[in-house]
Amino acid sequence: MSAPQNYLAVIKVVGVGGGGVNAVNRMIDVGLKGVEFIAVNTDAQALLMSDADVKLDVGRELTRGLGAGADPEVGRKAAEDHADEIEEVLRGADMVFVTAGEGGGTGTGGAPVVARIARSLGALTIGVVTRPFTFEGRRRATSAEAGIAELREQVDTLIIIPNDRLLSISDRGISVLDAFKSADQVLLQGVQGITDLITTPGLINLDFADVKSVMSNAGSALMGIGSARGEDRAVQAAELAISSPLLEASIDGAHGVLISVQGGADLGLFEINEAARMVQEAAHPEANIIFGAVIDDALGDDVRVTVIAAGFDGGTPQTRSDRRGALAPPSTSTGSGPGAGPRSYSSTSTSGQQAVPP
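Pasting the structure below:
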């Protein structure tokens with residue numbers, strides 16, 4: 001009698017519209033492992049440029065492959081017209097990420113359709129989307145809010161990345177192109193922060209069931225990633241993960257929290273415990289806390305802490321007023337040798353809350 005084979009969770013990442021497909025391309029470029037990539041767009045030319053495993057041109061009849069013209073209704077109808085194809089490529093997934101740039105046509109209108117289909121197939125469905133920059137205009141902002149409200153009804157968990165907050169941690173000379181690349185990078189981190197918990201073998205293992213216990217029917221979620229090196233590196237990384245200028249709300253009151261600590265072979269048990277303790281103290285006293293630790297020699301002396309908090313009373317976290325993150329703005333120092341500084345910190349955090357202009 002042969003031994004049963006271990007089942008690996010099937011994870012699919014769907015980029016919907018121009019912003020979503022750009023984010024998928026970024027994930028492919030950096031080598032995100034253990035997932036299948038799907039690009040869905042009404043713009044045939046943009047699809048040709050993608051290296052996604054599966055490409056769905058949902059605009060070939062309605063828009064003749066020329067895009068949705070920033071009209072969410074066109075994006076919605078295009079996705080509905082190809083619902084059978086979308087269902088076919090999503091079938092068999094245990095977890096589906098739906099990523100999009102809210103405010104446009106295809107992403108805003110099509111993402112809720114994709115999410116609805118994914119969830120109807122029984123997949124844990126997580127939305128990771130951006131809210132547009134203020135400079136993109138009021139019309140796009142209004143469309144984004146309507147799209148976010150609709151998407152929230154179709155996913156288990158929704159993480160919203162407020163693009164304006166990216167400007168608060170960027171150089172004042174940042175170009176428009178680099179600003180959008182920064183948004184793609186945070187979309188990547190939003191997805192990777194979750195998939196790595198499942199696909200990367202750990203000293204203290206996290207599996208799909210752990211993630212599902214926190215994120216199923218969870219509403220809005222907060223996601224933070226912090227990294228540090230030097231003295232008290234794990235504690236500093238944990239502090240950065242829960243206290244960033246991008247994090248618009250506190251994890252206070254979260255009933256479900258995922259914590260992943262990653263570091264090199266010298267990662268110590270004591271520092272792992274200290275990082276977990278800091279996050280536990282910030283969450284609800286009776287929170288379901290799922291903890292994992294992973295050895296990744298590529299991190300060198302860095303320790304990275306990923307925190308995902310969900311299950312807030314009322315479905316959404318409370319907006320934070322103390323702005324603790326302002327005390328620890330993200331920065332990176334990678335100097336080496338005797339003259340190098342003893343510590344280096346960097347952080348990224350996102351939330352499912354209303355954007356507050358920086």
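Just so we're aligned: 77 in full-length UniProt numbering is position 77 of the sequence shown, and the numbers increase by one with no gaps anywhere.
Don't be surprised by glycine CBs; every beta carbon is placed ideally from N, CA and C.
Pull up the distance between the alpha-carbon of residue i and that of residue j, whole angstroms please.
i: Ile117; j: Val14; result: 12 Å
i: Val235; j: Met278; result: 7 Å
i: Leu56; j: Val186; result: 24 Å
i: Val40; j: Gly190; result: 19 Å
i: Val35; j: Phe135; result: 34 Å
i: Ala9; j: Val214; result: 16 Å
i: Ser253; j: Leu203; result: Position check: residue 253 holds Gly in this sequence, whereas Ser was assumed. Straight-line Cα distance between these residues: approximately 28 Å.
i: Ala111; j: Leu124; result: 15 Å
i: Ile161; j: Ala70; result: 20 Å
i: Val155; j: Leu47; result: 25 Å
i: Ser216; j: Gln280; result: 20 Å
i: Leu327; j: Val58; result: Here the model assigns Leu327 a pLDDT of 31, short of 50, so the residue's position is not dependable and the matter cannot be decided.
Could you say which of the options lies nearest to residue i if we only look at CA atoms?
i: Ile295; options: Ser216, Gln262, Asp232; result: Gln262
i: Thr108; options: Val16, Arg277, Ala293; result: Val16
i: Arg100; options: Gly92, Val114, Glu271; result: The sequence given here has Ala at residue 100, not Arg. When only C-alpha atoms are compared, the closest one is Val114.
i: Leu62; options: Thr157, Val54, Val74, Ala52; result: Val74
i: Ile194; options: Gly292, Pro285, Val30, His82; result: Gly292
i: Asp302; options: Ala282, Val257, Ala238, Ala309; result: Ala238
i: Ala228; options: Ile251, Leu222, Ala275, Asn205; result: Ala275
i: residue 360; options: Gly122, Val129, Gly137, Ile225; result: As displayed, the chain neither begins before 1 nor continues past 358, which places residue 360 out of reach and without an answer.
i: Ala44; options: Gly18, Gly31, Asp29, Arg26; result: Gly18
i: Ser243; options: His255, Gly226, Ile259; result: Gly226
How far does the alpha helix (DSSP H) with residue i in it extend, from its first residue to its last?
i: Ala118; result: 106–120
i: Glu271; result: 269–282
What residues are listed by DSSP as bridge partners for residue i?
i: Gly243; result: As written in the sequence, residue 243 is Ser, which differs from the Gly given in the question. Note: Ser243 sits in no beta bridge, so no partner.
i: Phe291; result: Ile259
i: Gly127; result: Val98, Leu158
i: Phe37; result: Val13
i: Asp43; result: Leu66
What are the boundary residues of the beta strand (DSSP E) that includes residue i?
i: Glu286; result: No beta strand (DSSP E) contains Glu286, which DSSP labels as neither H nor E.
i: Val303; result: 303–310
Does at least one heavy atom of the ligand HEM sit under 7 Å from the Cβ of residue i?
i: Gly103; result: The ligand HEM is not part of this structure, which contains no ligands at all.
Practice task
Go through the region 147–225 residue by residue and report every complete run of the beta strand (DSSP E) that reaches 3 residues or more, in order.
Solution key: 157–162
Problem - Runs of beta strand (DSSP E) wholly within the region 46–104 (minimum 3 residues, chain order) - result: 54–57, 95–101
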